[in-house]
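Enquirer:
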Amino acid sequence: MGSILDEIKKSFKDGSLLTKIIYVNIAVFVIVNLLSSVLFLFGAEAPDITKWFAVPASLSSLLVKPWTLFTYMFLHQDFFHLLFNILYLYFGGRIFQDLLGEKRLISTYILGGLSGAVLFILSYNIFPVFNVALPDARALGASAAVLAIIVAIATKVPNYVVNLVFLGAVKLKYIAIVLVVLDLISFQKGNAGGHIAHLGGALFGFFYIKQLEKGKDWSLWYFAWTNAIKSLFKKADKSKVKVVYKNQGSKRKSTKQNDNEQEIVDKILDKISKSGYDSLSKEEKDFLFRASQKN
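Numbering (our numbering), first residue to last: 5 to 299.
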């Protein structure tokens, strides 16, 4: 058992951000359900975890539990809900990392999840059909965050071809369209709040890429915010302050090199859009991967 735990720890430590996100979702699911099982054996009533970690639609409840805007996107109670979210996350996350890098993956996951929560809350407070359900309505699960990632890559490279079991070669844009349409037509069939949250994530993924193509990277907001929080827990070490001489010649050379690299990346992405990822040579795949790690 110890060796298994050591392997899991090593895999988490050395793994990509995608691996870490998947592990966190699994760990939360296991811990929540183990706690419920132990309490059951001792004859105690299991606490309603969703009451404290799922995001509520009620604004008054949200005011006293603001952390739920983040915790809800890592919380699953149903195994198949977790399983399908992980499968979609792994499938979409690998492509996303190759094209846009790890850092943008985590920011898209978090910001897509937040967008889903916001649309869920707004919808339940605006539309009359939800008036009765509003006080007790809560949303949980990674679906909004995952759909943000899938729609983002489908917007970036819509003609990217993937091979699906039973279906064969399918373009990403069709996968994204089907998932969004299924949510749009499922409001009245139950779990309306969940479907609305999914659409919030999808909208973020779409507009994030559209803005990124215009040179506006919304993920910078996320990193500015997280860095500001980190700075609250760190004391400035003035002894490490250095005066650095800026070589303008080197800076211009670096800028020119970055421009050349971006041109190559754009050509590779165009090739992916036309012929799919598998059409790339090993050198092109390696170049795209290295470029994504700099983002």
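Even for Gly, the Cβ is constructed at its ideal location relative to N, Cα and C.
Hey, G116 and A149: beta-carbon distance below 8 Å or not?
Expert: Cβ atoms of G116 and A149: closer than 8 Å.
Enquirer: Roughly how many angstroms lie between the CA atoms of A303 and F57, to the nearest whole one?
Expert: With the chain running from 5 to 299 in the structure shown, residue 303 is simply not present.
Enquirer: Alpha carbons only, please: which of G145, I181, F134 is nearest the one belonging to F191?
Expert: Ranking the options by Cα distance to F191, first place goes to F134.
Enquirer: In whole angstroms, what is the alpha-carbon distance linking F95 and A180?
Expert: 12 Å
Enquirer: Are at least three pairs of beta-carbons, each pair with one atom in the segment 157-171 and one in the segment 220-239, less than 8 Å apart?
Expert: no
Enquirer: Taking the alpha carbon of I200 as the point to measure from, which residue in K193, T230, L188, Q81 has its own alpha carbon closest?
Expert: L188
Enquirer: So, I25 versus I157, is the Cβ gap smaller than 8 Å?
Expert: no
Enquirer: Comparing alpha-carbon positions, which option in K220, Y76, D18, V36 lies nearest S147?
Expert: Y76
Enquirer: Do you know how far the Cα of N37 is from the Cα of D52?
Expert: 11 Å
Enquirer: For G117, which beta-bridge partners are listed by DSSP?
Expert: Looking at the DSSP assignment, G117 forms no beta bridge with any residue, so it has no partner.
Enquirer: When you compare the CB positions of G19 and N89, do they come within less than 8 Å of one another, or not?
Expert: With contacts defined as CB atoms closer than 8 Å, G19 and N89 fail to qualify as a contacting pair.
Enquirer: What's the gap between the Cα of S64 and the Cα of L123?
Expert: 16 Å
Enquirer: Quick one: grab the DSSP three-state call for L79.
Expert: coil
Enquirer: Quick one: residues in its chain with C-beta nearer than 8 Å to the C-beta of L284, no 5 flanking neighbours on either side, listed in chain order?
Expert: Cβ-Cβ distances below 8 Å link L284 to I272, K275, I276, L292 in the same chain, with the five nearest sequence neighbours on each side left out; the list follows chain order.
Enquirer: When you compare the CB of L39 with every CB in chain D, is at least one pair closer than 8 Å?
Expert: The displayed structure is made up of one protein chain only, and chain D is not part of it.
Enquirer: Where does V169 fall in DSSP's three states?
Expert: coil
Enquirer: So what does V330 bridge to, in DSSP terms?
Expert: Given a span of 5 to 299 for the chain in the structure shown, any question on residue 330 remains unanswerable.
Enquirer: Since L186 is in the alpha helix (DSSP H), which residue starts that stretch and which ends it?
Expert: 176-188
Enquirer: Going by beta carbon distance, what residues of the same chain come within less than 6 Å of L86, once the five residues before and after it are set aside?
Expert: F33, H80, listed in sequence order.
Enquirer: Just to confirm before moving on: does the CB-CB distance between V165 and K177 stay below 8 Å?
Expert: no
Enquirer: Locate the alpha helix (DSSP H) running through Y212, then write down its first and last residues.
Expert: 196-217
Enquirer: Closest to L93 by C-alpha separation, out of Y128, L22, S41, V28, would be which residue?
Expert: L22
Enquirer: Measure the Cβ-Cβ separation of A228 and V155 and say whether it is below 8 Å.
Expert: no
Enquirer: Assign N89 to one of three DSSP states: helix, strand, or coil.
Expert: Looking at N89 - three-state DSSP - the assignment turns out to be helix.
Enquirer: Helix, strand or coil: which one does DSSP assign to E49?
Expert: Coil.
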